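**Student:** Following my numbering, the numbering of the sequence shown begins with -8 at its first residue and continues without gaps.
Note that CB positions come from ideal geometry on N, CA and C, so glycine has one too.
Here the structure is a predicted model, which means the values were calculated and not measured.
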Amino acid sequence: MESFEGGGVARQPCRFPQARIPERGSGVFRLTARNAMAHHDSEMKEESLREDLKFYFMSPCEKYQARRQIPWKLGLQILKIVMVTTQLVRFGLSNQLVVAFKEDNTVAFKHLFLKGYSGTDEDDYSCSVYTQEDVYESIFFAINQYYHLKDIALGTLGYGENEDNRIGLKVCKQCYKKESMFPSNETLNIDNDIELDCVHLDLQALSKDPPDWKNSSFFRLEFYRLLQVEISFHLKGIDLQTIHSRELPDCYVFQNTVIFDNKAHSGKIKIYFDSDARIEECKDLNIFGSTQKNAQYVLAFDAFVIVICLASLILCTRSIFLALRLQKNLTNYDLCSILLGTSTLFVWVGVIRYLGYFQAYNVLILTMQASLPKVLRFCACAGMIYLGYTFCGWIVLGPYHDKFENLNTVAECLFSLVNGDDMFATFAQIQQKSILVWLFSRLYLYSFISLFIYMILSLFIALITDSYDTIKKFQKNGFPETDLQEFLKECSSKEEYQKESSAFLSCICCRKRKRSDDHLILTN
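As structure tokens, then:
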């Protein structure tokens, strides 16, 4: 401090230290520049991520406008639908011939081996007999028809080997081991152990004249302890109608069974006929004409379908597996139809993904997504009530109504009632043998129909309608924005994005960055 005249002390003004500017080349300057560059790179990566996400959620048309990228995945999906559907139609037409051939042969077998068959089945069995003489005549008729098959059959049929590799008939009967019954005295003495006795009749035994097998003790049936007589035999046939479709014919093995059911001992023996057809590869086929040439075209078409399916990332593994299976003469039409039908279903459903890019076509998908959790919870509660009615109807109405004899039939009957199908017939077919049961059936049916149609079904529809109304409001007023959409809002507008045709979005982001942060350098 300096002294003034008069002994005063002069004060100097207060001076604050001036901020030190980092010099170029100093450590502080390098650290600041490094932080600025790191911040700059972080913003570039963030903007690039927004652009990538925005491009990912674009429709194929928008992607083409943005990057001139041809929507080849959509084209492949459409081509795959056309090819797989064409293959499905071809397989369906071929399968129709298989089903028709099996059904026609089953009807022909019933007329050939069942005496007095009327052409229509009686309930779940083919026909019935009521006297002992009719039973013997029906058994001997089936055996004689088998022996004279080649002389009377119209189809291309031949004898086949059974499980024992023998050609002929196998006749088995089931009887109680011991039984003595006197209905007039209301007495019964029975040993419920079942004994099985079988005999094999080959063509040589059937050709004897007079037929010794008819007089054997095996065919002396004791009807009071007889449970069942079963006649089984195998036949072979060739389906020649496929030749008209320019396809190779299939060879069939028919495992036929005629069952005389006397388990009820009610005075009525039900006759069941069952034919199980199995397709086998024909051992030696010599067919002249254009069939082989057409088969080559079919194989070429199938190979093209496989190539298209391999191009799809979703179905490539399944296509390879099915191709290998189909190359090994797979003749299980049920398995092929299930796999082919399910894959075609998934292919068609997969197209909905592309419709989801457009709000006008997205109502169904959004409504299903919104209502599915509520519908599942609602169905869980309604299913409990449905099962309760199912068990109740089975126990109470089973002896008095054909539609309530077993659980499967009861469930199907109640489901039909919910949809308003066959109501009057269900009411009318109840047997009025018991007034109490008849009154209960009315209360049971009226309460079920009223509860499920007027309340449960209406609530079910209301859940879906509520979700639909919510989606419509969202489409009109805007959907609630998710975290991802909030993140994408900071991205540049689509109009600016479509002006650029570069394939690298990072370059696009660099061109669109704001220049306000490009000079993050400390100055004096």
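I need the straight-line Cα distance from cysteine 118 to alanine 453, nearest angstrom please.
**Tutor:** 49 Å
**Student:** Starting from phenylalanine 264, follow the beta strand (DSSP E) in both directions and report where the run begins and ends.
**Tutor:** 260 to 271
**Student:** Relative to the C-alpha of asparagine 86, which residue among Ile270, Arg211, Thr97 is closest?
**Tutor:** Ile270
**Student:** Does the Cβ of leucine 205 have 16 or more other Cβ atoms within 10 Å, making it buried, or fewer, making it exposed?
**Tutor:** In the sequence as presented, leucine is not what sits at residue 205; that position holds lysine. Exposed.
**Student:** Could you have a look at tyrosine 121 and say whether DSSP puts it in helix, strand or coil?
**Tutor:** Note: tyrosine 121 maps to coil in three-state DSSP.
**Student:** Within a Cβ cutoff of 7 Å, which residues of the same chain sit near phenylalanine 439, ignoring the five residues on either side of it in sequence?
**Tutor:** Tyr380, Leu405, Leu408
**Student:** So, glutamine 423 versus tryptophan 429, is the Cβ gap smaller than 7 Å?
**Tutor:** yes
**Student:** Please classify alanine 268 as buried or exposed, where buried requires at least 16 neighbouring CB atoms within 10 angstroms.
**Tutor:** buried
**Student:** On the CB-based measure, 16 or more other CB atoms within 10 Å of its CB, does threonine 519 come out buried or exposed?
**Tutor:** It is not possible to answer for residue 519, since the shown part of the chain is limited to -8 through 515.
**Student:** With distances taken between CB atoms, is the gap from aspartate 184 to lysine 168 smaller than 7 Å?
**Tutor:** yes
**Student:** How many angstroms separate the CA atom of serine 432 from the CA atom of phenylalanine 443?
**Tutor:** 16 Å
**Student:** Do isoleucine 462 and threonine 358 have their C-beta atoms within less than 7 Å of each other?
**Tutor:** yes
**Student:** Would you call methionine 375 buried or exposed, if buried means 16 or more other Cβ atoms sit within 10 Å of its Cβ?
**Tutor:** exposed
**Student:** For the candidate residues Ser449, Ser441, Gly341, whose alpha-carbon lies nearest to that of phenylalanine 369?
**Tutor:** Ser449
**Student:** Out of Asp188, Lys71, Glu37, Asn26, which one is the CA nearest neighbour of glycine 341?
**Tutor:** It is Lys71.
**Student:** Checking 7 Å against the spacing of the C-beta atoms, do histidine 102 and glycine 151 come in under that value?
**Tutor:** No, they are not a contact pair.
**Student:** Which stretch, first to last residue, makes up the beta strand (DSSP E) that contains glycine 228?
**Tutor:** 217 to 230
**Student:** Which residues does DSSP pair with tyrosine 243 in a beta bridge?
**Tutor:** Looking at the DSSP output, tyrosine 243 sits in a beta bridge with Gly228, Ile270.
**Student:** Need the endpoints of the beta strand (DSSP E) that leucine 148 sits in, please.
**Tutor:** 148 to 151
**Student:** Identify every residue that forms a DSSP beta bridge with threonine 248.
**Tutor:** Ser223, Asp265
**Student:** Measure the C-alpha to C-alpha separation of threonine 147 and valine 89 and round it to an integer number of angstroms.
**Tutor:** 15 Å
**Student:** What are the boundary residues of the alpha helix (DSSP H) that tryptophan 63 is part of?
**Tutor:** 63 to 104
**Student:** From lysine 93 to phenylalanine 245, what distance separates their C-alpha atoms?
**Tutor:** 9 Å
**Student:** Assign threonine 417 to buried or exposed, taking buried as 16 or more other Cβ atoms, counted over all protein chains shown, within 10 Å of its Cβ.
**Tutor:** buried
**Student:** What residues are listed by DSSP as bridge partners for cysteine 163?
**Tutor:** Cys189, Glu221
**Student:** For asparagine 253 versus leucine 194, is the C-beta spacing smaller than 7 Å?
**Tutor:** no
**Student:** Leucine 67 and alanine 302 look like a contact to me (Cβ under 8 Å); what is the Cβ gap, rounded to whole Å?
**Tutor:** 6 Å
**Student:** My output table needs one value for lysine 464: the three-state DSSP class, helix, strand or coil.
**Tutor:** helix
**Student:** Check lysine 169 in the structure and name its three-state DSSP category.
**Tutor:** strand
**Student:** So who's on the other strand from glutamate 113, going by DSSP bridges?
**Tutor:** According to DSSP, glutamate 113 shares a beta bridge with Tyr116.
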